[in-house]
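Notes to accompany the following structure.
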Amino acid sequence: MKDILFDLRNIRIEISFKSFEELRKILSFYQRNNINKINIPCKNSLKKDFLLESIKISKKEFPDFDIIPHFSILHEFKRNRVNTQDSFLNFLLTVKNLGCKHILLVSGSQKRTTFDSIKALTMLKDNTLLFKQNISIGVAFNPYLPGYLFDEEILRLEKKLQSGLVSSIWIQFGTDLKLFKSRVKILSKIISTANNYNSDISHIKMFGSILIPSRQFLARFKFRQWKGVYCSSEFLESVDIANNIVKELFTTYKKYNICPIVETNISNEDHLKKLKMFINL
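The following block contains the structure:
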């Protein structure tokens, strides 16, 4: 199972683009290299009508691709809770009809007090007539949060799992591997309990974020770090150290059956060559 997860054909890649032309170019590159497990995020300008149209193009022109779209409540919020609930339901039904079998639901870096991922899952659970569970829903989890913030993260995850709708957990990237190894054990116990408690979800999968280091990426990331992503100064200062940390993270993911999702740009042969280097550890 672990070897299958770490085959290039099964590793997921999150893509980012600013036009439909760029989207087609990226997907054509993946098609030529037998890569077809793609995540389309909901962030920056990639949201609302542009996001939905991108999913439509991907499924229509590249029908063999396994597309997992993201829905960010922060980026899709429409004035109030009710409008955003309706937008979320419409999104689910639209992507399901397009052939997507899984989505990733996130609150976003700035949580809304009136509507977040927990409230969205509760709304779905309480409205089975509006939404039948025939599309899988994933949620985010950050094991690198400090102190009480991690305790809150655990409580939020448990509430999400209590909905009975969550079939996957998507783990944030970080570089404190000692901390991660201790907390992934906590996560595994919570998942085991949820699997035993809820007969509708037989197995909750784990996905783990991977950033492939390069001098250019580390320089950009050091200048403007992603909110909620905890990276050490050693990781940001040295490509060699960063490579070693990512290699160890891959090894840890393999140990715990966590499928990697690559969030850095993989759009040419050099990028792909480096990714293959990490996979073939």
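With positions in the sequence shown counted from 1, the corresponding number in the numbering used here is that position plus 1.
Using N, Cα and C, we set each Cβ at its ideal position, and we do this for glycine too.
- Under the DSSP definition of a beta bridge, Val263 partners with Ile14, Ile211.
- One Cα belongs to Leu53, the other to Ser59, and the distance between them is close to 10 Å.
- DSSP, reduced to helix, strand and coil, places Ile205 outside both helices and strands of the structure shown, so it counts as coil.
- Judged by their CB atoms, Met207 and Ile259 are nearer to each other than the 9 Å cut-off.
- A distance below 6 Å between beta-carbons, with the five flanking residues on each side excluded, links Gly100 to the following residues of its chain, in chain order: Lys60.
- For a cut-off of 8 Å, the C-beta gap from Val263 to Ile211 is around 5 Å, short enough to register as a contact.
- Per DSSP, Leu106 lies in no alpha helix (DSSP H); the unbroken beta strand (DSSP E) holding it starts and ends at 103-107.
- A residue is called buried once 16 or more other Cβ atoms fall within 10 Å of its Cβ, and Ala220, having fewer, is exposed.
- With fewer than 16 other CB atoms across the displayed protein chains lying within 10 angstroms of its CB, Ile187 is exposed.
- Using a 10 angstroms sphere on the CB of Arg225, the tally of other CB atoms stays under 16, which defines it as exposed.
- Residue pairing by DSSP places His272 in no beta bridge whatsoever.
- The beta-bridge partner set that DSSP reports for Lys79 consists of Asn81.
- The C-beta of His204 has fewer than 16 other C-beta atoms within 10 Å across all chains shown, which makes the residue exposed.
- The beta-bridge partner set that DSSP reports for Trp171 consists of Ala141, Phe208.
- With fewer than 16 other beta carbons inside 10 angstroms of its own, Arg216 counts as exposed.
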